[in-house]
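J.: Shown below is the structure under consideration.
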Amino acid sequence: MQVVRINVPGISNINLKKIKESKVDFRKTHLKEIENSTHFLLGDEAAAYGALYAGCNFFAGYPITPASEIAEVLARELPRVNGYFVQMEDEIASISAIIGAAWAGGKAMTATSGPGFSLMQENIGYAIMTETPCVIINVQRSGPSTGQATKPAQGDVLQARWGTHGDHEIIAISPSSVQETFFLTIEAFNLSEKYRTPVILLMDGEIAHLRENIIFPSLEEVSVLERRIGEAGSFAFGGEMVPPMSMFGQGRFLHVTGSTHEPNGMRDVSSQSVHQELVTRLYDKIKNARGEISRVEEDYVSGSRIGVLSYGAAARPAKGAVLKARAQGKAVDFLRLISIWPFPVEAVKNFIGRVDKIFVPEMNLGQISREVERFSAKPVIPVSKIGGMIHTVDEILEQINGI
Amino acid sequence: MAFNSIKENRFKHPRIGKYLRQDILPTTFCPGCGCGTVLNCFVKAVEELELAPEKLVFVTGIGCSAWIPSPYFKGDTLHTTHGRSLAFATGVKVMRPDLKVIVIAGDGDIAGIGGNHLIHAARRNIDISVFMVNNRNYGMTGGQVSPTTPFGVFTATTPYRNTEQPLQAGEVVAAAGANYVSRWTTYHVFPLVKAVKEALGVKGFSFVEIISQCPVSYGKMIKMRKASDFLKLYRDKSVRMAQAKNMTEEELKGKIIVGKLQERDRAEFVTGLRRINEELQSELSD
Numbered sequence: 001m002q003v004v005r006i007n008v009p010g011i012s013n014i015n016l017k018k019i020k021e022s023k024v025d026f027r028k029t030h031l032k033e034i035e036n037s038t039h040f041l042l043g044d045e046a047a048a049y050g051a052l053y054a055g056c057n058f059f060a061g062y063p064i065t066p067a068s069e070i071a072e073v074l075a076r077e078l079p080r081v082n083g084y085f086v087q088m089e090d091e092i093a094s095i096s097a098i099i100g101a102a103w104a105g106g107k108a109m110t111a112t113s114g115p116g117f118s119l120m121q122e123n124i125g126y127a128i129m130t131e132t133p134c135v136i137i138n139v140q141r142s143g144p145s146t147g148q149a150t151k152p153a154q155g156d157v158l159q160a161r162w163g164t165h166g167d168h169e170i171i172a173i174s175p176s177s178v179q180e181t182f183f184l185t186i187e188a189f190n191l192s193e194k195y196r197t198p199v200i201l202l203m204d205g206e207i208a209h210l211r212e213n214i215i216f217p218s219l220e221e222v223s224v225l226e227r228r229i230g231e232a233g234s235f236a237f238g239g240e241m242v243p244p245m246s247m248f249g250q251g252r253f254l255h256v257t258g259s260t261h262e263p264n265g266m267r268d269v270s271s272q273s274v275h276q277e278l279v280t281r282l283y284d285k286i287k288n289a290r291g292e293i294s295r296v297e298e299d300y301v302s303g304s305r306i307g308v309l310s311y312g313a314a315a316r317p318a319k320g321a322v323l324k325a326r327a328q329g330k331a332v333d334f335l336r337l338i339s340i341w342p343f344p345v346e347a348v349k350n351f352i353g354r355v356d357k358i359f360v361p362e363m364n365l366g367q368i369s370r371e372v373e374r375f376s377a378k379p380v381i382p383v384s385k386i387g388g389m390i391h392t393v394d395e396i397l398e399q400i401n402g403i
Numbered sequence: 404m405a406f407n408s409i410k411e412n413r414f415k416h417p418r419i420g421k422y423l424r425q426d427i428l429p430t431t432f433c434p435g436c437g438c439g440t441v442l443n444c445f446v447k448a449v450e451e452l453e454l455a456p457e458k459l460v461f462v463t464g465i466g467c468s469a470w471i472p473s474p475y476f477k478g479d480t481l482h483t484t485h486g487r488s489l490a491f492a493t494g495v496k497v498m499r500p501d502l503k504v505i506v507i508a509g510d511g512d513i514a515g516i517g518g519n520h521l522i523h524a525a526r527r528n529i530d531i532s533v534f535m536v537n538n539r540n541y542g543m544t545g546g547q548v549s550p551t552t553p554f555g556v557f558t559a560t561t562p563y564r565n566t567e568q569p570l571q572a573g574e575v576v577a578a579a580g581a582n583y584v585s586r587w588t589t590y591h592v593f594p595l596v597k598a599v600k601e602a603l604g605v606k607g608f609s610f611v612e613i614i615s616q617c618p619v620s621y622g623k624m625i626k627m628r629k630a631s632d633f634l635k636l637y638r639d640k641s642v643r644m645a646q647a648k649n650m651t652e653e654e655l656k657g658k659i660i661v662g663k664l665q666e667r668d669r670a671e672f673v674t675g676l677r678r679i680n681e682e683l684q685s686e687l688s689d
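Here it is in structure tokens:
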């Protein structure tokens, strides 16, 4: 795939003076070249371009299948929008670097897969505690451990929720197509800025390595949330539910720490009330915004008795099975979770209320079905498939038909 | 009583006061800790260089030495997770090369758990100044063996003696590609101030290893409880680089080689990255 020219001019051609005096917005200029065009891309590539549209100007990462293409595209494209790509020595370093870049004013992202995601967990907690906006793409592959390194899975859904230690809330969203990957990457950046928190784009190897048509929209069509910068006098870590974010070099003498801290950032690790106030606010700022963050696709029919709930790649055969069942005369409801965490409780409860039993196809041994069970008095039936193969439509249909 | 009078008088030094968050002083370091000496030498160097505090970013990890700048130094401070200061600092420096990015860390933090980041930051030769306070043990957690603890020493986790060889962090960083490396001890305060100034002036990765006493945690393990005993030892055991070059391995046993280990002018990492962007922009401007 080649969207743009990648020839690099010789150093002798450089007119540095002209560059410094130039008023050209290189990000816009470059994106203008690719907007309103149709391409045939991998999910990974779509994520990279989504990041560019969202204003990402820093990416740090470490090669890992099936996420490497995200890094490869951004290594090529970021310098063209005056952003920076750094390949770090490991995934711990990668997430560390993006957090540092965010505090230096950057819109930063990293991308990895299960093993790297495991390594990042400590610093995801650091980003939560320090209220650092950043995006972490986890292209899920078959685990545990090295598992089937090149094969897709959805086995990190609960790790995304609970992977880092301590009480916390997290935002995770999961795309089901290449085009949606593009938009959800932008969405991930916007959510991270809005709530000043790390956001996980929970992809899977199936969508990452799926090639589909994708349209790059015009820049005007895409809404990008810019950072609210804290000024002198504002608290960097309190004062309101989501405080504005200051950055280094403002002369504010920021003190950023993963230890429990006062609204001004200074450490206080001995007071019960300071910890309770801080951690409860970090929890509530996301939990209380669940309605705003929740995104689902509902496809309901009248008189339905059966419901199918899925997300990510598994939602594709799941929807296929629903359509096939309907063609056979069965009234089946379909709910696709787009936001996974915070769990879209209201939409799920409404869905459960419509049907007598719920099937949950997913590429793991029942991680979201377990969450659905928490809200359901009705039978919740996991339709699990692991081993690096996605369900077929008929495998899910057989379950629905009770074969 | 003594504490209150210090609190009331705060830290009113006419010149170096502006580099400290005065309302937090005095420090919480143990009696006799070398961190106070490092703090003093560092602030003295910064003051002599007349650096603007709003241009300084301190990135630290976990451990006693991380507390030297965080919270005592005035400047932007990023107090990170254990061992990862250099990786965080890399993100800061790439985005804001106009800021002076400084890491102050302990041996366990930056050469132990964060050893890989240290090697690679040095290899990239990124413009960050690192001051490694080497107290030869994990002091904050109570005196456990660290990657720099000498062979044969008894610690909380080597109760029968240490059977590992210590890491020569300065030599490792020099070999990995840093532009500047030197090593001093808390006894050598004047050369140390000079080395801090040199390191802060270097374009590229600079690293100063500071052998420092920990009379409380480490001292209780090696039965040396007085800071002055450590300083006398550093005085007697130190050998200057020039002198060490003419000594045999046997003669250097147990000695601390002090002085400049490396000074060169390799290309700096962020400058290279930014140069690529300028080249691409020049093409777009044409």
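So the protein lines, in turn, are chains Y and X.
For the first sequence, this note's numbering assigns the number 1 to the initial residue and increments by one for each residue that follows.
For the second sequence, this note's numbering assigns the number 404 to the initial residue and increments by one for each residue that follows.
Every residue gets a Cβ at the ideal spot worked out from N, C-alpha and C, and that includes glycine.
As the structure is a computational prediction, the values presented were derived from the model and not from experiment.
Quick check: what's the CA-CA separation for Met109 of chain Y versus Ser68 of chain Y?
T.: In a straight line, the C-alpha of Met109 of chain Y is about 13 Å away from that of Ser68 of chain Y.
J.: Can you check DSSP and say which residues form a bridge with Ile657 of chain X?
T.: Here residue 657 of chain X is Gly; the residue named in the question, Ile, does not match the sequence. Looking at the DSSP assignment, Gly657 of chain X forms no beta bridge with any residue, so it has no partner.
J.: Would you say Gly258 of chain Y reaches chain X, if we count a Cβ-Cβ gap shorter than 8 Å as a contact?
T.: Closer than 8 Å to some Cβ of chain X, the Cβ of Gly258 of chain Y qualifies, so yes.
J.: Determine the direct distance from the alpha carbon of Asp268 of chain Y to that of Phe334 of chain Y, and round the result to whole angstroms.
T.: So the two alpha carbons sit approximately 49 Å from each other.
J.: Are the C-beta of Gln684 of chain X and some C-beta of chain Y separated by less than 8 Å?
T.: Closer than 8 Å: yes.
J.: Could you name the residues of the same chain whose beta carbon sits closer than 6 Å to that of Ile14 of chain Y, not counting the 5 residues immediately before and after it, in chain order?
T.: Here Ile14 of chain Y scores only 42 on pLDDT, less than 50, and its place in the model is too uncertain to base an answer on.
J.: Using CA atoms only, rank isn't needed, just tell me which of X:Gln616, X:His482 and X:Arg638 is closest to Ile507 of chain X.
T.: Closest by alpha carbon: X:His482.
J.: Determine contact between the segment 117-126 of chain Y and the segment 273-280 of chain Y, defined as no fewer than three beta-carbon pairs at a distance below 8 Å.
T.: With a cut-off of 8 Å, the segment 273-280 of chain Y and the segment 117-126 of chain Y do not count as touching, because too few Cβ pairs lie within range.
J.: Excluding five sequence neighbours on each side, which residues of the same chain lie with their C-beta closer than 8 Å to the C-beta of Ile386 of chain Y?
T.: Taken in chain order, the residues that qualify are Ser142, Ala153, Gly155, Met363, Asn364 and Leu365.
J.: With Asn582 of chain X and Asp668 of chain X assumed to form a contact (beta carbons below 8 Å), what rounded beta-carbon distance in angstroms separates them?
T.: At roughly 6 Å, the Cβ-Cβ gap stays under 8 Å, so Asn582 of chain X and Asp668 of chain X are in contact.
J.: Please tell me whether Pro569 of chain X has its Cβ less than 8 Å away from any Cβ of chain Y.
T.: Closer than 8 Å: no.
J.: Please list the partners that Glu122 of chain Y has in chain X, where partner means a Cβ-to-Cβ separation under 9 Å.
T.: Those within 9 Å of Glu122 of chain Y in chain X are Thr484, His485 and Arg487.
J.: What whole-angstrom Cβ distance do His485 of chain X and Ile516 of chain X have, given they're in contact under 8 Å?
T.: His485 of chain X to Ile516 of chain X, Cβ: 5 Å. Contact.
J.: Which whole runs of the beta strand (DSSP E) in the segment 215-273 of chain Y are 3 residues long or more, in chain order?
T.: Taking only runs of at least 3 residues, the beta strand (DSSP E) segments lying wholly in the segment 215-273 of chain Y are 255-257.
J.: Please list the partners that Thr493 of chain X has in chain Y, where partner means a Cβ-to-Cβ separation under 8 Å.
T.: The answer, in chain order, is Ala60, Val86, Met88, Ala93, Ser96, Ala97 and Gly100.
J.: Leaving aside the five residues before and after Pro263 of chain Y along the sequence, list all residues of the same chain whose C-beta is less than 8 Å from its C-beta, in chain order.
T.: Correct list, in chain order: Phe235, Ala236, Phe237, Gly238, Gly239 and Pro243.
J.: Using only CA atoms, which one of Y:Pro379, Y:Pro217, Y:Gln399 and Y:Pro175 lies nearest to Pro361 of chain Y?
T.: Closest by alpha carbon: Y:Gln399.
J.: Counting only runs that start and end within the segment 318-403 of chain Y, where is the alpha helix (DSSP H) found for 4 or more residues in a row?
T.: Fully enclosed alpha helix (DSSP H) runs of 4 or longer: 345-354, 367-373 and 393-400.
J.: Starting from the N-terminal side, write out each stretch of the beta strand (DSSP E) that is 3 residues or longer and does not extend beyond the segment 441-494 of chain X.
T.: Qualifying beta strand (DSSP E) stretches, in chain order: 459-463 and 479-482.
J.: If the cut is a Cβ gap below 9 Å, which residues of chain Y does Met543 of chain X touch?
T.: The premise fails here: Met543 of chain X is roughly 13 Å from chain Y at the closest Cβ pair, so nothing lies under 9 Å.
J.: Does Gln646 of chain X come out as helix, strand or coil in the three-state DSSP assignment?
T.: If DSSP states are grouped into helix, strand and coil, Gln646 of chain X belongs with the helices.
J.: Closest Cβ-Cβ distance between Arg228 of chain Y and chain X: below 8 Å?
T.: It does not: the Cβ of Arg228 of chain Y has no partner Cβ on chain X nearer than 8 Å.
J.: How far does the beta strand (DSSP E) with Ser113 of chain Y in it reach, from first residue to last?
T.: Note, Ser113 of chain Y: beta strand (DSSP E), Ala108 to Ser113.
J.: Once you ignore the five residues that flank Thr552 of chain X on each side, which residues in its own chain have a CB closer than 7 Å to its CB?
T.: Once the five neighbours on either side are set aside, the close Cβ partners of Thr552 of chain X are Arg539, Asn540, Thr558, Asn565 and Pro569.
J.: Which chain Y residues sit within Cβ distance under 7 Å of Pro474 of chain X?
T.: Per Cβ cutoff of 7 Å: His255, Met266 and Arg267.
J.: Within 10 angstroms of its Cβ, does Asn190 of chain Y collect 16 or more other Cβ (buried), or is it exposed?
T.: With 16 or more Cβ atoms within 10 Å of its Cβ, Asn190 of chain Y is classed as buried.
J.: Kindly say whether Asn680 of chain X, judged by its beta-carbon, lies nearer than 8 Å to any beta-carbon of chain Y.
T.: So, interface residue.
J.: I'd like to know whether the C-beta atoms of Gly662 of chain X and Met644 of chain X end up nearer to each other than 8 Å.
T.: Yes, the pair counts as a contact, with Cβ atoms nearer than the cut-off.
J.: Taking 7 Å as the cut-off, is the CB of Gly518 of chain X close to at least one heavy atom of the ligand FAD?
T.: Although the ligand FAD was asked about, the structure shown includes no ligands whatsoever.
J.: Helix, strand or coil, according to DSSP, for Lys663 of chain X in the structure here?
T.: It is a strand residue.
J.: Report the rounded CA-to-CA distance for Thr146 of chain Y versus Gln547 of chain X, giving the unit in angstroms.
T.: Approximately 33 Å, taken between the alpha carbons.
J.: Would you kindly report the start and end of the unbroken beta strand (DSSP E) that includes Asp204 of chain Y?
T.: Asp204 of chain Y -> beta strand (DSSP E) spans Pro198 to Asp204.
J.: Does any C-beta atom of chain Y lie closer than 8 Å to the C-beta of Asn649 of chain X?
T.: Not one chain Y Cβ lies under 8 Å of Asn649 of chain X.
J.: In chain X, which residues lie with their C-beta within 7 Å of the C-beta of Arg80 of chain Y?
T.: Within chain X, the residues near Arg80 of chain Y are Leu683.
J.: With a cut-off of 8 Å, does the C-beta of Thr480 of chain X fall near any C-beta of chain Y?
T.: With 8 Å as the cut-off, Thr480 of chain X counts as an interface residue toward chain Y.
J.: Relative to the C-alpha of Gly388 of chain Y, which residue among Y:Gly249, Y:Lys151 and Y:Ile368 is closest?
T.: The shortest C-alpha separation from Gly388 of chain Y is found at Y:Lys151.
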